[in-house]
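Worksheet: the structure to be examined is printed underneath.
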Amino acid sequence: VDGFLLQQVDLPVTRASWFDALAGGFRPGSTILGTPLAPLDPSSTVGKIEMPSEVQPARAEWIATLLVKITNNSAVAWPGGGTTRSSLPGEIFLEARWIASDPSSRAGADQPTPAEIRILRDIPAGESLAQLLSVATPKREGDYDLELRLRQRGNASMDTFSAPPARARVRVASPATARP
-11 VDGFLLQQVD LPVTRASWFD ALAGGFRPGS TILGTPLAPL DPSSTVGKIE MPSEVQPARA
49 EWIATLLVKI TNNSAVAWPG GGTTRSSLPG EIFLEARWIA SDPSSRAGAD QPTPAEIRIL
109 RDIPAGESLA QLLSVATPKR EGDYDLELRL RQRGNASMDT FSAPPARARV RVASPATARP
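Residue numbers are given in our numbering: position 178 of the sequence shown equals residue 166, and the series is strictly consecutive.
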């Protein structure tokens, strides 16, 4: 091709099982990467959520973004949301909840309902995933704790994971005084 240099780039396959799962196509009851969308038993829910203990101030009725790291310390892979936009029964997700630091303050009166945040991909046993989260902030200014918990969709017996919730302190400022 005139004016262009074409080269072949050979990259090593670092996750052969993912390559094979993608090449194998859709399988009902599994994620796109081949992890079963089955309820996890309690021994398969050992993990950890890491995030900064304090997050930059956020604007009320805005979006707070933060980087979290989710580690699967169990012996089985956790099914993530994959590429579909709908919620899959059996997928793992994060529940984000705003809690007023001082329940007697005005901030406690307007806490949003917990948000469900999809995990972008499966998390193999013994591995971690770093993911940038976007969470809608409360309507009122004040000091809040943002709490994240791991959940599994459709697993009523699994109220929570063995991974303890992660918390970060966030100052939510009024839209008039905060900068985006």
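All residues carry an ideal CB built from backbone N, CA and C; glycine is no exception.
Buried or exposed by the 16-neighbour rule on C-beta atoms within 10 Å, applied to Glu129: Here Glu129 is buried, its C-beta having at least 16 other C-beta atoms within 10 Å.
Whole-angstrom C-beta distance between Leu121 and Ile107, which should lie under 8 Å: Not confirmed; about 10 Å, so no contact.
Inter-residue spacing [alpha-carbon to alpha-carbon] between Gly78 and Asp(-10): A direct Cα-Cα distance of roughly 51 Å separates Gly78 from Asp(-10).
Status (buried if at least 16 other CB within 10 Å, exposed otherwise) for Pro40: By the 10 Å Cβ count, Pro40 comes out exposed.
Cα-Cα separation, Thr59 to Pro163: Their Cα atoms are separated by approximately 35 Å.
Whole-angstrom distance between Val34 and Pro27, CA atom to CA atom: Approximately 14 Å, taken between the alpha carbons.
Rounded C-alpha distance that separates Arg137 from Phe149: Rounded to whole angstroms, Arg137 to Phe149 spans 8 Å at the Cα level.
First and last residue of the uninterrupted alpha helix (DSSP H) at Asp133: Element bounds for Asp133: not the alpha helix (DSSP H) but the beta strand (DSSP E), 130 to 140.
Residue span of the beta strand (DSSP E) that contains Leu117, given as start and end: Here the beta strand (DSSP E) through Leu117 covers 116 to 124.
Identity of the residue in Asp110, Ala156, Ala154, Arg85 nearest Pro126 by Cα: Of all alpha-carbon atoms in Asp110, Ala156, Ala154, Arg85, the one lying nearest the alpha-carbon of Pro126 is that of Arg85.
Distance between Pro30 and Asn61 (C-alpha atoms, nearest Å): Cα atoms of Asn61 and Pro30: separation of roughly 12 Å, rounded to the nearest angstrom.
Proximity winner among Arg47, Ile20, Val158, relative to Asp110 (alpha-carbon distances): Each of Arg47, Ile20, Val158 was checked against the Cα of Asp110, and the nearest Cα belongs to Ile20.
Helix, strand or coil at Ala156 according to DSSP, with G and I counted as helix: Ala156 falls in the strand class under three-state DSSP.
CB-CB length for Pro112 against Ala65, believed under 8 Å: Rounded to whole angstroms, the Cβ separation of Pro112 and Ala65 is 5 Å, and the two are in contact under 8 Å.
As assigned by DSSP and simplified to three states, the class of Ser31: In the structure shown, Ser31 adopts helical secondary structure according to DSSP, grouped into three states.
Assumed close pair Glu135, Ile87 - CB separation to whole angstroms, cut-off 8 Å: The pair is a contact, with the Cβ atoms about 6 Å apart (cut-off 8 Å).
C-beta contact flag for Ser89 and Arg47 at 8 Å: With a cutoff of 8 Å on beta-carbon distance, Ser89 and Arg47 are scored as not near each other.
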